[in-house]
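Using the UniProt record's numbering, read the sequence shown as starting at 1 and increasing by one per residue. No residue lacks a Cβ here, since even glycine has one placed at the ideal position from N, Cα and C. These numbers come from a predicted model, not from an experiment. What follows is a set of notes on a single structure, which appears directly below.
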Amino acid sequence: MQRALDFDKTPALGVPLPFFLNVPLFALLAGALAAWAGPQAFASRWNGAALALTHLWTLGILGSAMLGALLQILAVACNVPVGAARTVAALAHACLTAGTLLLAAGFLGWWPAAWIGAAALLGPAFALYLAAVAWALWRHRRHVYKGAREILVPVRGALGALSCTVCIGLILALSLGLGWALPDWIDAHVLWGLAGWGGLLLMGMSFQLLPIFQVTELYPKPLVRWLPLLIPGLLLAWTALDASDGLPHLMRETVELLLVGAYTLWAGVTLRLLWTRKRPAPEPTTLFWYAGMLSLLACAPLWIWMTHGHSPRAGLVLGVVMIAGVLGSVVNGMLYKIVPFLLWKHAQDAMIVPDRDPAQARVYLKILPKMAAYIGDRPARWQWAAHVAVVVSWSLAAAGWMPAALAAGPLQIVSSAGLAWNIGQALRLYRKTLRAMAALPHHAQPL
1 MQRALDFDKT PALGVPLPFF LNVPLFALLA GALAAWAGPQ AFASRWNGAA
51 LALTHLWTLG ILGSAMLGAL LQILAVACNV PVGAARTVAA LAHACLTAGT
101 LLLAAGFLGW WPAAWIGAAA LLGPAFALYL AAVAWALWRH RRHVYKGARE
151 ILVPVRGALG ALSCTVCIGL ILALSLGLGW ALPDWIDAHV LWGLAGWGGL
201 LLMGMSFQLL PIFQVTELYP KPLVRWLPLL IPGLLLAWTA LDASDGLPHL
251 MRETVELLLV GAYTLWAGVT LRLLWTRKRP APEPTTLFWY AGMLSLLACA
301 PLWIWMTHGH SPRAGLVLGV VMIAGVLGSV VNGMLYKIVP FLLWKHAQDA
351 MIVPDRDPAQ ARVYLKILPK MAAYIGDRPA RWQWAAHVAV VVSWSLAAAG
401 WMPAALAAGP LQIVSSAGLA WNIGQALRLY RKTLRAMAAL PHHAQPL
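Structure, rendered in structure tokens:
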């Protein structure tokens with residue numbers, strides 16, 4: 001397994017950062033919408049407000065973060081830089097942002113033109129991104145770092161799952177917008193998006209990032225080798241069974257059970273590695289990983305409730321826990337590692353030390369903040385506590401508890417405002433550092 005990262009391959013700051021800045025923006029929008037809609041947002045998974053919230057989360061928050069992080073990870077961990085990364089990132093980010101807003105507006109107002117417009121923006125956004133990444137994987141296939149296979153196998157599976165999710169989503173959006181009969185593909189859209197794209201990508205990143213940044217032991221080799229292959233196979237089997245008529249429903253439930261078991265195994269192993277990590281005191285990112293993996297373990301009994309409890313709210317609760325609890329927690333925590341590192345790295349790259357002058361280097365070192373200074377430990381912990389409150393309140397609201405439904409929106413606003421503040425403070429420190437360096441002789445231009 002590749003344990004070192006080649007930070008010299010880090011893309012320009014303008015490549016991943018706009019995607020990361022989308023996270024607090026869309027989180028604030030989701031909080032405002034939940035506060036405005038109140039209990040209605042949690043009344044049914046088919047409610048317009050619920051569908052708008054779902055896509056603000058999955059596209060605006062999770063999708064933005066994962067697309068940005070993947071551009072970074074492929075370059076530094078796998079030696080797979082995406083060509084024309086600035087152009088690809090700028091176009092994909094702009095279309096993703098506008099398309100997500102249009103899609104949410106379409107669900108809120110049940111507005112056909114918005115669904116068509118969203119499809120016209122989101123389709124090219126994902127097509128461009130997937131084509132650029134696929135070409136980079138093919139072009140650099142012979143130059144991939146030794147040991148990077150453990151990352152690339154789940155990443156390829158995640159990209160395939162994203163392609164399926166996007167294709168189904170575009171067909172559903174166009175069907176709504178043009179008044180066609182709606183295909184019965186919604187469950188497949190959800191499963192490929194959450195268990196395929198989101199789950200596989202986070203799994204691949206955990207194989208690489210946890211041993212490095214959380215100082216854990218390596219994942220067991222059989223798990224790393226076989227789990228990223230098993231999950232796409234189960235998703236394909238589920239899709240085939242779902243599309244087949246006349247087959248016993250038990251066959252599909254068995255595949256679902258195996259899929260739940262696979263992710264439960266990953267969550268259990270991840271929790272054990274985090275618990276036995278070499279750093280005794282948990283960092284904020286560690287706490288977010290704990291929250292995400294505990295939420296993933298909770299998905300197993302929730303799946304049983306949904307499958308055998310015959311409750312109309314079981315699927316809604318499971319969706320909230322998967323989106324906000326599992327994926328939302330891990331994505332939020334990763335931002336507290338990735339954003340400070342990017343700003344620290346690009347501030348370092350802005351230095352110019354003529355002839356390696358030790359005196360000049362010492363001057364720069366006095367100005368350059370340490371990585372930990374960009375986002376303080378205490379504000380990150382406070383935001384983690386607020387995020388946990390969001391997961392709990394949204395889950396209880398989905399289960400039908402009225403007080404939680406009333407608190408869900410305000411709590412989301414508090415949590416996302418905390419995240420926005422922390423990232424904003426990091427950006428202010430970065431700009432302040434560049435200005436201080438620019439005041440010195442032989443300075444570099446800001447990136």
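{"query": "Quick one: what does DSSP say residue 12 is sitting in, helix, strand or coil?", "result": "coil"}
{"query": "Give me the Cα-Cα distance between residue 404 and residue 25, rounded to the nearest whole angstrom.", "result": "23 Å"}
{"query": "Can you tell me whether residue 446 is helix, strand or coil according to DSSP?", "result": "In this prediction, residue 446 scores a pLDDT of 45, lower than 50, which makes its location untrustworthy; the coordinate-derived value is nonetheless stated afterwards. Correct three-state label for residue 446: coil."}
{"query": "What's the C-alpha gap between residue 400 and residue 42?", "result": "7 Å"}
{"query": "Would you check if the distance between the CB atom of residue 198 and the CB atom of residue 326 is smaller than 9 Å?", "result": "yes"}
{"query": "Thinking residue 347 and residue 434 are a contact (beta carbons under 8 Å), I'd like their distance in whole angstroms, please.", "result": "7 Å"}
{"query": "Which of the three DSSP states is assigned to residue 129 in this structure?", "result": "helix"}
{"query": "Return the residue from the list 396, 392, 162 that minimises the CA-CA distance to residue 415.", "result": "392"}
{"query": "Check whether the region 165-181 and the region 119-128 touch, using three or more Cβ-Cβ pairs below 8 Å as the test.", "result": "yes"}
{"query": "My output table needs one value for residue 205: the three-state DSSP class, helix, strand or coil.", "result": "helix"}
{"query": "For the pair the region 39-58 and the region 417-435, tell me if three or more CB-CB distances fall below 8 Å.", "result": "no"}
{"query": "Nearest by alpha-carbon distance to residue 57: which of 390, 278, 207 is it?", "result": "390"}
{"query": "Contact defined as beta carbons within less than 8 Å: I believe residue 193 pairs with residue 165. What is the distance between those atoms, to the nearest angstrom?", "result": "4 Å"}
{"query": "In terms of alpha-carbon separation, which member of 184, 151, 282, 10 lies closest to residue 200?", "result": "151"}
{"query": "State yes or no: is the C-beta of residue 460 within less than 9 Å of the C-beta of residue 31?", "result": "As shown, the chain starts at 1 and ends at 447. That puts residue 460 outside it, with no answer to give."}
{"query": "With a CB to CB cut of under 7 Å and the five nearest residues on each side skipped, what residues in its chain are close to residue 322?", "result": "194, 299"}
{"query": "Taking all protein chains shown into account, decide if residue 185 is buried (16 or more other Cβ within 10 angstroms of its Cβ) or exposed.", "result": "buried"}
{"query": "If you check the beta carbons only, do residue 98 and residue 61 fall under 9 Å apart?", "result": "no"}
{"query": "Skipping 5 residues on each side, what residues in its chain have a beta carbon closer than 6 Å to that of residue 237?", "result": "255"}
{"query": "If I'm right that residue 337 touches residue 285 with Cβ under 8 Å, what's the distance once you round it to whole angstroms?", "result": "5 Å"}
{"query": "Assuming residue 68 contacts residue 20 under a Cβ cut-off of 8 Å, what Cβ separation, rounded to an integer in Å, is found between them?", "result": "5 Å"}
{"query": "Based on Cα-Cα distance, which residue from 137, 128, 207, 100 lies nearest to residue 87?", "result": "128"}
{"query": "Could you check the C-alpha separation between residue 93 and residue 297 for me, to the nearest Å?", "result": "32 Å"}
{"query": "For residue 231, does the count of other Cβ atoms within 10 angstroms reach 16, so buried, or fall short, so exposed?", "result": "buried"}
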